[in-house]
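Residue numbers (mature numbering (1 follows the signal peptide of the UniProt record, and there is no 0)): -23 to -1, 1 to 563.
Reviewing the structure listed below.
Now the structure itself:
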């Protein structure tokens, strides 16, 4: 989790300092060693002919490892975070193909991942070349023997079965293993947890098992922040269910035909391997993700930017309608080359507060584009009613969806229209902010407020991400910047000025604020629907209301606080959360 210490402000009544921070927890998706993922798990059974409609509901079974059961906050985590996340995806997704088995039984891992297909009873089964290890894990979590088939392996040329046969899990489509283990990943990065799939089914390649490991030290600190924890749980569970570059090569069309060619001998993708940072995944075909060249305007002129775009049919149809861009050729994946971020999340610039971008925001939403992506795995159907309130980028056209934020802002200026969801109000220096307060505005969805995260960076930005200039013929003001346009005649590019978030290609936008809190205290932020934001009257300087029906309202400048002897500026000025009544007069 990355925290940005923004400004210290003197609060009148208590004469203490608080920190305003922008909430930018980064989600680093976990990639498992390909040899540790069990593929082609045979799920026995035949499709039954029935007059009753097939039950296509997605059933997720959650198995808790002893390590997480021992955590003091376990019951709260189970009830208010994990159960809520699981229930959400069970309502948002259903199976495309009916279940053909009564019990889900997983396969054991093979030593060294060495396998081959063997025909048994007229169906291909995966058998191990060198036997099975004593323990089969899903990520760091030991899978109980009762969830596992016997080990199938070849010995002296003969097919052999060994070990106990588990009963499996009744009426289960996906088993999610939950742990809280102090792994190496927890030591090297301060993240709440990480997740991945660990087994996939034969005939469909659908993930049937996955895990989330919550890092113990961070879990104890963050469990009181339910909004953030719920974001992580929903986000990571969807990675395990299919939103992952490690599964792109496994996606199938509506007729269950692979979108990436298969090796007939192994039934696995045949295009080799793709290297993503330090991770190897099966290479997908250009029917799933393509790399295209986009013209990209910065203050220095036009550049060529490589965009990695999802081109599956439902994503294209839904995204074209959402952005109002009939010529959209695909939806961009994250292009910042960071392990666990690159190509396995949506591009932050395009879908800022979407659940499957790589950073947490207080007002996260599920977009119809993410649900379309899950339909295009070939494994699910989506309930689009679950994405009704996502608004970032809606109806903003092809310039927004396919061009740089600078080109979009310039086009809006020419049309005398708002440049929302972007902004160009640079934050003043700390001493100036102490005097005038932090200037905020409502975010585009109207249910939170934040500051324009346009800042002066300590180092120059890459030239393609420099969007702002200053006139060389007038005196320079650090709070007055202009949009560039490629022509620097009479202008100087401001190489250090840009949006705070690199994942958004340094495009500036109104970013929600979170106040630093003591350990075990609920997070206080600027999201109007977060009831934990309720303030005692003596600290509620703007008479705000934080309820499920509150909205963000802009207000004018010049508010002052007084302790009877001296007047002060509001710590945060420009917008607030309120309930609104509409009165009609005849």
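Glycine is no exception: its CB is placed at the ideal position from the N, C-alpha and C atoms.
Whether residue i touches residue j by CB criterion (8 angstroms)
{"i": "residue 241", "j": "residue 219", "result": "no"}
{"i": "residue 136", "j": "residue 104", "result": "yes"}
{"i": "residue 511", "j": "residue 471", "result": "no"}
{"i": "residue 486", "j": "residue 430", "result": "yes"}
{"i": "residue 169", "j": "residue 357", "result": "no"}
{"i": "residue 74", "j": "residue 181", "result": "yes"}
{"i": "residue 309", "j": "residue 284", "result": "yes"}
{"i": "residue 157", "j": "residue 188", "result": "no"}
{"i": "residue 66", "j": "residue 214", "result": "yes"}
{"i": "residue 228", "j": "residue 306", "result": "no"}
{"i": "residue 266", "j": "residue 286", "result": "yes"}
{"i": "residue 375", "j": "residue 302", "result": "yes"}
{"i": "residue 321", "j": "residue 425", "result": "no"}
{"i": "residue 314", "j": "residue 254", "result": "yes"}
{"i": "residue 461", "j": "residue 383", "result": "yes"}
{"i": "residue 300", "j": "residue 373", "result": "yes"}
{"i": "residue 268", "j": "residue 489", "result": "no"}
Own chain residues within Cβ distance below 7 angstroms of residue i, not counting five before or after
{"i": "residue 526", "result": "556"}
{"i": "residue 243", "result": "94"}
{"i": "residue 442", "result": "275, 475, 482, 483"}
{"i": "residue 235", "result": "229"}
{"i": "residue 558", "result": "none"}
Beta-bridge pairing of residue i - partner residues as DSSP gives them
{"i": "residue 39", "result": "153"}
{"i": "residue 135", "result": "132"}
{"i": "residue 358", "result": "71"}
{"i": "residue 186", "result": "152, 176"}
{"i": "residue 308", "result": "287"}
{"i": "residue 171", "result": "190"}
{"i": "residue 269", "result": "284"}
{"i": "residue 96", "result": "101"}
{"i": "residue 256", "result": "253"}
{"i": "residue 336", "result": "3"}
Contact set for residue i: own chain, Cβ-Cβ below 6 angstroms, skip 5 residues either direction
{"i": "residue 127", "result": "138, 140, 142"}
{"i": "residue 281", "result": "270"}
{"i": "residue 551", "result": "416, 417, 418"}
{"i": "residue 120", "result": "113"}
{"i": "residue 85", "result": "109, 113, 125, 128"}
{"i": "residue 245", "result": "none"}
For residue i, the three-state DSSP class (helix, strand or coil)
{"i": "residue 550", "result": "strand"}
{"i": "residue 291", "result": "helix"}
{"i": "residue 279", "result": "strand"}
{"i": "residue 90", "result": "helix"}
{"i": "residue 473", "result": "coil"}
{"i": "residue 559", "result": "coil"}
{"i": "residue 510", "result": "helix"}
{"i": "residue 80", "result": "strand"}
{"i": "residue 490", "result": "strand"}
{"i": "residue 26", "result": "In this prediction, residue 26 has a pLDDT of 40, which is less than 50 and means its spatial position is unreliable; what the coordinates show is noted afterwards. DSSP places residue 26 in coil when its eight states are reduced to three."}
{"i": "residue 11", "result": "helix"}
{"i": "residue 429", "result": "strand"}
{"i": "residue 419", "result": "strand"}
{"i": "residue 504", "result": "strand"}
{"i": "residue 536", "result": "coil"}
{"i": "residue 347", "result": "helix"}
{"i": "residue 206", "result": "helix"}
{"i": "residue 316", "result": "coil"}
{"i": "residue 388", "result": "helix"}
{"i": "residue 438", "result": "coil"}
{"i": "residue 118", "result": "strand"}
{"i": "residue 300", "result": "helix"}
{"i": "residue 34", "result": "strand"}
Same chain only: Cβ atoms within 8 angstroms of residue i, ignoring 5 sequence neighbours per side
{"i": "residue 248", "result": "226, 237, 238, 259, 260, 261, 262"}
{"i": "residue 361", "result": "345, 348"}
{"i": "residue 366", "result": "342, 422"}
{"i": "residue 24", "result": "Reliability of the predicted coordinates at residue 24 is poor, the pLDDT of 48 falling under 50, and the value obtained from them is presented with this limitation in mind. Only 75, 77 meet the Cβ criterion."}
{"i": "residue 363", "result": "65, 68, 69, 343, 348"}
{"i": "residue 389", "result": "395, 396"}
{"i": "residue 279", "result": "272, 273, 463"}
{"i": "residue 385", "result": "373, 376, 377, 396, 399"}
{"i": "residue 38", "result": "81, 146, 149, 151, 152, 153"}
{"i": "residue 194", "result": "159, 163"}
{"i": "residue 35", "result": "66, 67, 70, 71, 72, 150, 151, 357"}
Say whether the stretch 289 to 301 touches the stretch 434 to 451, bearing in mind that this needs 3 or more beta-carbon pairs closer than 8 angstroms, one atom from each stretch.
no
Is there contact between the stretch 314 to 330 and the stretch 39 to 47, where contact requires at least three CB pairs shorter than 8 angstroms?
no
With a cut-off of 8 angstroms, do at least 3 Cβ pairs link the stretch 105 to 120 to the stretch 168 to 176?
yes
May I ask you to verify whether the stretch 201 to 218 touches the stretch 2 to 14, counting CB pairs closer than 8 angstroms and requiring at least 3?
yes
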